[in-house]
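Enquirer: If you want our numbering, it's the 1-based position in the sequence shown plus 14. One structure, pasted below without further comment.
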Amino acid sequence: MINQNWSIELWDQFDNVSKYTEKSLQFCEKYESFLKDRCTIEDDYAKALKKLTKTYAPKLKEQEEFYNKYSYTVAFCSTLKELHDLASQHEIIAENLREHAIKKIQITIKECREQRKKCLDEYNKIKRQLDKQYDLLTK
C-alpha cells in the first residue's frame, strides 16, 4: 500500500533555501577575497624575485666576462635567469586570476544576488497575498 501521509519534505522549505543561498553567496565572496589576497602575494613574490635577480646579476662588462668564464658562474647566471623567468610566471598567474577567475566570480555573485532578491521579493508578495486570502477565509 502506498503511504499517503504528508511528510516534511513537502512542507514549505523556503527559509532553508533562502539561508542556503545566502551562505553560498557569502562563501563565494570569501573565495573571491582569497583569490585577491593570493594575487597580492603572487605579485609581491614576483617583485621580490626580480629584485633578488637584479641584485645578484653581473652589472659591469668585466663582471660579465668573469661570470661567463667558469662553469659554476655560468650555472649561477643560468639560475638567475630561471629565477627571473619564474618571477614572470608568478606575475602571469596573478594576472590570469584577476582577469578570469575573479571577474567571473564577481559577475556570478552579482547575478545571483539580483536573482535571489527577485525571488525573495516575489515570495514575500505571494506570501502576503496568501495571508490576506487566509484572513478573508477565516472571517
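Glycine included, each C-beta is placed from N, C-alpha and C at the ideal position. In this text the structure is predicted, and so the values were computed from the model without any measurement.
Mind checking which residues open and close the alpha helix (DSSP H) that includes residue 148?
Expert: Per DSSP, residue 148 belongs to the alpha helix (DSSP H) from 117-152.
Enquirer: Would you say the segment 58-77 touches the segment 95-105, given that touching needs at least three Cβ pairs under 8 Å?
Expert: They touch, by the three-pair rule.
Enquirer: Checking 8 Å against the spacing of the C-beta atoms, do residue 104 and residue 71 come in under that value?
Expert: Against a cut-off of 8 Å, the Cβ pair of residue 71 and residue 104 comes out as no contact.
Enquirer: With burial defined as no fewer than 16 other Cβ atoms inside 10 Å of the residue's Cβ, what is the status of residue 74: buried or exposed?
Expert: Residue 74 comes out exposed.
Enquirer: Looking at the secondary structure, which residues open and close the alpha helix (DSSP H) in which residue 97 lies?
Expert: Start and end: 85-110.
Enquirer: Ordered along the chain, which non-local residues of its own chain (more than five positions away) have a Cβ less than 8 Å from that of residue 36?
Expert: Contacts found: 130.
Enquirer: Going by DSSP, what residue range makes up the alpha helix (DSSP H) through residue 46?
Expert: Counting along the chain, the alpha helix (DSSP H) containing residue 46 begins and ends at 28-70.
Enquirer: What's the call for residue 63, buried or exposed, on a 16-neighbour Cβ count within 10 Å?
Expert: Buried, because 16 or more other Cβ atoms sit within 10 Å of the Cβ of residue 63.
Enquirer: With three or more beta-carbon pairs closer than 8 Å as the criterion, would you say the segment 40-52 touches the segment 74-91?
Expert: Taking 8 Å as the limit for Cβ pairs, the verdict is that the segment 74-91 does not touch the segment 40-52.
Enquirer: Which whole-angstrom value is the C-beta distance of residue 108 and residue 57, which I expect to be below 8 Å?
Expert: Confirmed, about 5 Å.
Enquirer: Under 8 Å between the Cβ atoms of residue 119 and residue 45?
Expert: It is a contact, given that the beta carbons lie within the stated cut-off.
Enquirer: Would you tell me roughly how many angstroms separate the C-alpha atoms of residue 147 and residue 141, rounded to the nearest one?
Expert: Computed Cα separation, rounded: 10 Å.
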